[in-house]
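Beneath this line is the structure, given in C-alpha coordinates, with notes to follow.
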Amino acid sequence: MKNTSNLCPVCGYDQLAEPPRNRTGGASMEICACCGFQFGVTDDDQGVSYDEHRQRWIAEGMPWTSHGKKAPKGWNPQTQLANLALNATLKRVKGRPPRIFMQTASA
(Lines of atoms letter the chains of each structure in order from A and count residues from 1; the text may use other names and numbers.)
(Lines give C-alpha, C1' and ligand atoms only; values in the text may rest on other atoms or scores of the structure.)
Protein backbone atom coordinates (compact mmCIF):
# COMPACT_ATOMS: atom_id res chain seq x y z
CA MET A 1 0.00 0.00 0.00
CA LYS A 2 1.20 3.49 -0.90
CA ASN A 3 2.14 6.01 1.81
CA THR A 4 -1.02 8.07 2.22
CA SER A 5 0.04 10.61 4.86
CA ASN A 6 -0.42 13.44 2.36
CA LEU A 7 -3.89 12.30 1.31
CA CYS A 8 -6.71 14.83 1.46
CA PRO A 9 -9.22 13.51 4.02
CA VAL A 10 -12.01 15.30 2.15
CA CYS A 11 -11.63 14.02 -1.42
CA GLY A 12 -8.80 11.47 -1.35
CA TYR A 13 -6.37 13.51 -3.49
CA ASP A 14 -2.96 11.96 -2.76
CA GLN A 15 -0.58 14.73 -3.79
CA LEU A 16 -0.79 17.29 -0.99
CA ALA A 17 2.58 18.89 -0.27
CA GLU A 18 2.32 17.96 3.42
CA PRO A 19 -0.08 16.15 5.77
CA PRO A 20 -3.26 18.18 6.39
CA ARG A 21 -2.69 18.00 10.17
CA ASN A 22 0.47 17.43 12.19
CA ARG A 23 0.65 15.05 15.16
CA THR A 24 -0.62 17.67 17.60
CA GLY A 25 -3.54 18.68 15.36
CA GLY A 26 -2.06 21.84 13.85
CA ALA A 27 -3.28 22.60 10.35
CA SER A 28 -1.04 22.78 7.29
CA MET A 29 -3.00 25.76 5.83
CA GLU A 30 -2.61 24.04 2.44
CA ILE A 31 -5.47 24.24 -0.06
CA CYS A 32 -6.30 20.94 -1.75
CA ALA A 33 -5.94 21.48 -5.50
CA CYS A 34 -8.69 18.96 -6.13
CA CYS A 35 -11.58 19.88 -3.79
CA GLY A 36 -10.49 23.35 -2.60
CA PHE A 37 -10.56 22.58 1.14
CA GLN A 38 -8.07 24.69 3.12
CA PHE A 39 -6.89 22.95 6.26
CA GLY A 40 -7.12 25.29 9.24
CA VAL A 41 -9.44 27.73 7.48
CA THR A 42 -12.35 25.80 5.97
CA ASP A 43 -12.57 23.59 9.06
CA ASP A 44 -11.27 25.62 12.00
CA ASP A 45 -12.25 29.17 10.96
CA GLN A 46 -15.40 28.46 8.93
CA GLY A 47 -16.60 25.41 10.88
CA VAL A 48 -17.08 23.19 7.82
CA SER A 49 -16.41 19.50 8.46
CA TYR A 50 -14.63 17.19 6.04
CA ASP A 51 -17.92 15.37 5.43
CA GLU A 52 -19.86 18.59 4.77
CA HIS A 53 -17.28 19.83 2.27
CA ARG A 54 -17.09 16.41 0.61
CA GLN A 55 -20.87 16.32 0.15
CA ARG A 56 -20.85 19.85 -1.34
CA TRP A 57 -18.01 18.94 -3.69
CA ILE A 58 -19.84 15.78 -4.81
CA ALA A 59 -23.11 17.71 -5.29
CA GLU A 60 -21.23 20.21 -7.50
CA GLY A 61 -20.07 17.34 -9.75
CA MET A 62 -16.62 16.75 -8.17
CA PRO A 63 -14.85 19.49 -10.15
CA TRP A 64 -11.09 20.02 -10.11
CA THR A 65 -10.89 23.34 -8.22
CA SER A 66 -7.34 24.60 -8.81
CA HIS A 67 -6.87 27.20 -11.50
CA GLY A 68 -3.08 27.10 -11.21
CA LYS A 69 -2.49 23.35 -11.10
CA LYS A 70 -3.87 20.93 -13.67
CA ALA A 71 -5.50 17.65 -12.70
CA PRO A 72 -3.15 14.66 -12.96
CA LYS A 73 -3.34 12.70 -16.19
CA GLY A 74 -6.11 10.12 -15.95
CA TRP A 75 -7.57 11.78 -12.83
CA ASN A 76 -10.80 10.11 -11.74
CA PRO A 77 -12.62 11.58 -8.74
CA GLN A 78 -14.72 8.44 -8.19
CA THR A 79 -11.62 6.24 -7.89
CA GLN A 80 -10.02 8.84 -5.65
CA LEU A 81 -13.02 8.77 -3.28
CA ALA A 82 -13.01 4.96 -3.22
CA ASN A 83 -9.32 4.99 -2.20
CA LEU A 84 -10.14 7.49 0.55
CA ALA A 85 -12.69 5.13 2.06
CA LEU A 86 -10.15 2.28 2.09
CA ASN A 87 -7.51 4.31 3.93
CA ALA A 88 -9.53 6.34 6.44
CA THR A 89 -9.44 5.96 10.20
CA LEU A 90 -10.83 8.28 12.86
CA LYS A 91 -8.48 9.51 15.56
CA ARG A 92 -8.86 12.03 18.35
CA VAL A 93 -6.41 14.81 19.05
CA LYS A 94 -6.68 16.13 22.60
CA GLY A 95 -9.02 19.11 22.73
CA ARG A 96 -10.28 18.72 19.15
CA PRO A 97 -13.16 16.87 17.52
CA PRO A 98 -12.39 13.55 15.80
CA ARG A 99 -10.55 13.94 12.51
CA ILE A 100 -9.99 11.51 9.69
CA PHE A 101 -6.35 10.51 9.47
CA MET A 102 -4.90 8.29 6.79
CA GLN A 103 -3.16 5.04 7.51
CA THR A 104 0.40 4.93 6.27
CA ALA A 105 2.03 1.96 4.66
CA SER A 106 4.64 0.18 6.69
CA ALA A 107 7.68 -0.88 4.76
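Numbering (the working numbering), first residue to last: 8 to 114. The beta-carbon is built from N, C-alpha and C at its ideal position, and this holds for glycine as well. Since the model is a prediction, treat every value here as computed from it, not as a measurement.
> How many Å lie between Phe44 and Val55 at the Cα?
Replying inline: C-alpha separation (whole angstroms): 9 Å.
> Among Ala40, Tyr57 and Thr49, which has the Cα closest to the Cα of Asp21?
Replying inline: Taking Asp21 as reference, the option from Ala40, Tyr57 and Thr49 with the minimal CA-CA separation is Ala40.
>> Judging by CA-CA distance, which residue of Thr72, Asn94, Gly33 and Gln87 is the nearest neighbour of Asp51?
In response: Of the candidates Thr72, Asn94, Gly33 and Gln87, the one whose C-alpha sits nearest the C-alpha of Asp51 is Gly33.
> Quick one: what does DSSP say Ala66 is sitting in, helix, strand or coil?
Replying inline: In the structure shown, Ala66 sits in a helix (DSSP, three-state: H, G or I).
> What's the C-alpha gap between Leu88 and Glu67?
Replying inline: For Leu88 and Glu67, the distance between alpha carbons rounds to 15 Å.
> Going along the chain, which residues of its own chain have a beta-carbon closer than 6 Å to the beta-carbon of Arg61, five neighbours each way excluded?
Replying inline: Closer than 6 Å at Cβ, skipping near neighbours: Val17.
> Ala78 to Trp71, Cα distance in whole Å?
Replying inline: If you take the alpha carbons of Ala78 and Trp71, they lie about 7 Å apart.
> Which of helix, strand or coil does DSSP assign to Tyr20?
Replying inline: In the structure shown, Tyr20 sits in coil (DSSP, three-state: anything other than H, G, I, E or B).
> Would DSSP call Ala78 helix, strand or coil?
Replying inline: It is coil, neither helix nor strand.
> I think Glu37 touches Phe46, with their Cβ atoms under 8 Å apart; what is that distance to the nearest whole Å?
Replying inline: The C-beta distance from Glu37 to Phe46 rounds to 6 Å, short enough to fall under 8 Å.
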